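Down below is the structure, laid out as structure tokens.
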């Protein structure tokens, strides 16, 4: 399966995006990354976010990969009790899943809702 992941951080952002890339390189073959995009916090006052989209191929199912992504977020110090719109050490979401023929299996609404997802995604599609 080929996955596209949205990454964002506004707490120790550079360090946490680099940490995520390192961890994801252990899971994915042919890991590819967009450039880093700096965006304003939405829905709350806070530091700017660093956002990126990464893609790669792995054998995990959607659910198994999602579980692994949560583990990476937790390792970066993610606070699961924080409000939805708040500062984040690391947020990783699956935004697109393609099968072996590049047919779409899953497409997140975030692609059309947020420029911090759509703009970096365009770079690596």
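Numbering (the working numbering), first residue to last: 117 to 241. Even glycine gets a Cβ: it sits at the ideal position worked out from N, Cα and C. These numbers were taken from a predicted model, which means no experiment stands behind them.
Express the C-alpha separation of residue j and residue i in angstroms, rounding to a whole number.
{"i": "residue 127", "j": "residue 236", "result": "20 Å"}
{"i": "residue 175", "j": "residue 146", "result": "13 Å"}
{"i": "residue 186", "j": "residue 197", "result": "14 Å"}
{"i": "residue 163", "j": "residue 171", "result": "26 Å"}
{"i": "residue 199", "j": "residue 180", "result": "25 Å"}
{"i": "residue 135", "j": "residue 169", "result": "14 Å"}
Run through the DSSP bridge pairs and tell me what residue i is partnered with.
{"i": "residue 147", "result": "Its beta-bridge partners do not exist; DSSP assigns none."}
{"i": "residue 213", "result": "119, 222"}
{"i": "residue 135", "result": "In the DSSP output, where bridge partners are listed per residue, residue 135 has none listed."}
{"i": "residue 171", "result": "120, 148"}
{"i": "residue 155", "result": "165"}
Between the Cα of residue i and those of the options, spot the shortest distance and give me the residue it belongs to.
{"i": "residue 204", "options": "171, 238, 123, 117", "result": "123"}
{"i": "residue 230", "options": "159, 206, 220", "result": "159"}
{"i": "residue 228", "options": "238, 119, 171", "result": "238"}
{"i": "residue 207", "options": "165, 220, 117", "result": "165"}
{"i": "residue 191", "options": "138, 120, 117, 119", "result": "138"}
{"i": "residue 167", "options": "216, 225, 129", "result": "129"}
{"i": "residue 202", "options": "226, 121, 120, 156", "result": "156"}
{"i": "residue 141", "options": "117, 161, 151, 173", "result": "173"}
Closer than 7 Å by C-beta to residue i: which residues in its own chain qualify, once you throw out the five before and the five after it? Chain order, please.
{"i": "residue 132", "result": "125, 192, 205, 206"}
In chain order, what residues of the same chain have a beta carbon less than 8 Å from the beta carbon of residue i, not counting five sequence neighbours either side?
{"i": "residue 182", "result": "210"}
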